[in-house]
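Residue numbers (the working numbering), protein chains in the order written: chain A, 83 to 323; chain B, 83 to 323.
Virtual Cβ for every residue (Gly too), placed ideally from N, Cα, C.
Just so you know, these numbers come straight off a predicted model, no measurement behind them.
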DNA sequence: CAGTGGTCTAGACCACGTG
DNA sequence: ACGTGGTCTAGACCACTGC
């Protein structure tokens, strides 16, 4: 196999990179799996090992694969621990990660609202799966979360008996959907009556609202998640660079 | 000139990279300045152009230099616009950057509190410059900000008549200090009486508190900044790649 | 036009993990 | 011992910029 001539003006390493992404997206290379080595990829596409190396290195810096010297290159896997490390940004006063549990999790299927359609980039009449849950820390309510997912991407998810704590792990293992990046919009809001009751605080208590959109391999929205958090001594950490 | 033999076991490109950082830190290469090209750097350190290239590319991906094809490689410059783009994370409902002004800016010199010492990594009896200011958007108060800076890094700053709006620009232009990354800790708090009065809101109004530590080239803290924001329809955007 | 960074090659050897 | 990724070299040509 070799590269098509059509993209002749684009760098070879970029073309190789996209072909490798296709393999991950199609499931030919599954999460956690060892992929072909640099020399085999180079030979297959008819480029030098250095060019194949750059393609793979770019994927590694994008977080799609993990390179391990002496062992090989592996498709990134969303183990619960990995998700927590990568996309979970809550830490306590000592700087330790806050790891929440889930409670009272409910899922349902519904026609997407106009807001859901525009946020998730859906067509009219598209359906969404809505999940609402309370997340706890040491048994105390930490946040109230509502999640909207395109039904087309996650068929049958609403009917599952058990919704796991680490959703991104489920997305990948059961639906082959990889979360590659997230945009979190943060602001402070006053707790409304219902949220206050759920979290066990007085109405009007300041809460951190996290409005997240998660994106997949093709950079299209996969999930819209709104969390209202009563953090106590914890905080959300945003690192720039 | 060539590399010392002592670091013989560390990669050449890493050694070259650090020597280049030294030049930026020492002021030999100033912000905005064109640095030597790949071939000259390679010749100077006795490595191949590819190795010099990797050292420079690493600096570029760290954001310390900017490469411009056909022109050369330049040390990053903290123009007001650049700082706003890079370290300012507030956006309005339409996704446009919120650009605040400063008002009622006051600076003073004081002995560092124990909290300031531990946050900024200072010795006992070290002095800090404290800055307090109100930041506005379209003439309305947006946030109240208090800033602590090690006096050793910014001598005489407290005595300046004018404190500019974009501090990181001043740090670099007047003190040769480059901010390379920031850690923001975010939480929601209720406005106390004084902050509420300053921001023109009712006491108890939920505010977004941003507790930031800014780091320099050597990864040591340069600034501790705490902002209390009444954002209105705006939000803080945190992107996770 | 000359000079820069960007891409690409075809080799070489090293460091690491596993059998 | 073997295969992997990691480093390094010495060349080549292309694309862009400014004079």
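Within chain B, the residues that residue i reaches when beta carbons sit closer than 7 Å
i	result
residue 271 of chain A	288
residue 317 of chain A	267, 268 and 269
residue 313 of chain A	269
Per-residue contacts from residue i into chain B (C-beta, under 8 Å)
i	result
residue 263 of chain A	321, 322 and 323
Residue i: contacting residues in chain A (beta-carbon distance under 7 Å)
i	result
residue 169 of chain B	322
residue 145 of chain B	323
8 Å contact criterion, which residue i and residue j should meet: CB distance rounded
i	j	result
residue 247 of chain B	residue 309 of chain B	Actually they are not in contact, since the Cβ atoms of residue 247 of chain B and residue 309 of chain B sit about 14 Å apart, beyond 8 Å.
residue 291 of chain B	residue 268 of chain B	7 Å
residue 288 of chain B	residue 142 of chain A	No, residue 288 of chain B and residue 142 of chain A are not in contact; Cβ-Cβ is about 41 Å, not under 8 Å.
residue 170 of chain A	residue 264 of chain A	About 10 Å separates the two Cβ atoms, so there is no contact after all.
residue 229 of chain A	residue 307 of chain A	5 Å
residue 119 of chain B	residue 152 of chain B	In fact, because the Cβ distance is near 12 Å, the residues do not count as touching under 8 Å.
residue 208 of chain A	residue 194 of chain A	5 Å
residue 226 of chain A	residue 262 of chain A	The pair is not a contact, with the Cβ atoms about 26 Å apart (cut-off 8 Å).
residue 210 of chain B	residue 198 of chain B	5 Å
residue 138 of chain B	residue 147 of chain B	7 Å
residue 242 of chain B	residue 189 of chain B	7 Å
Own chain partners of residue i with C-beta closer than 6 Å, once the 5 adjacent residues on each side are dropped
i	result
residue 381 of chain A	This structure cannot settle anything about residue 381 of chain A, because the visible part of chain A is limited to 83 through 323.
residue 305 of chain B	231 and 296
residue 187 of chain B	215 and 245
residue 133 of chain B	94 and 95
residue 293 of chain B	267 and 308
residue 105 of chain A	111
residue 135 of chain B	120
residue 177 of chain A	none
Other residues of its chain near residue i: CB distance less than 7 Å, five sequence neighbours each side excluded
i	result
residue 203 of chain B	302 and 303
residue 173 of chain B	179, 180, 316, 317 and 319
residue 259 of chain A	235, 253, 298 and 304
residue 257 of chain A	235 and 236
residue 218 of chain A	182, 183, 185 and 224
residue 200 of chain B	none
Beta-carbon proximity list for residue i, same chain, < 8 Å, skipping 5 on both sides
i	result
residue 166 of chain B	179, 181 and 248
residue 144 of chain B	262
residue 103 of chain B	141, 146 and 299
Sufficient close CB pairs (3 or more, under 8 Å) joining the segment 122-140 of chain B to the segment 95-102 of chain B
Yes, the segment 122-140 of chain B is in contact with the segment 95-102 of chain B.
Would you check if the segment 149-163 of chain A and the segment 267-284 of chain A touch, i.e. whether three or more CB-CB distances between them fall below 8 Å?
By the criterion of at least three beta-carbon pairs nearer than 8 Å, the segment 267-284 of chain A is not in contact with the segment 149-163 of chain A.
Give the list of continuous alpha helix (DSSP H) stretches no shorter than 4 residues that lie fully inside the segment 256-315 of chain B.
If one requires a minimum length of 4 residues, the alpha helix (DSSP H) runs lying completely within the segment 256-315 of chain B are 275-281, in chain order.
On the three-pair Cβ rule with 8 Å, is the segment 221-237 of chain A touching the segment 247-266 of chain A?
Judged by Cβ distances under 8 Å, the segment 221-237 of chain A makes contact with the segment 247-266 of chain A, as three or more pairs qualify.
Ordered list of beta strand (DSSP E) runs contained in the segment 152-239 of chain A, each at least 3 residues
Fully enclosed beta strand (DSSP E) runs of 3 or longer: 154-157, 183-193, 209-219 and 222-232.
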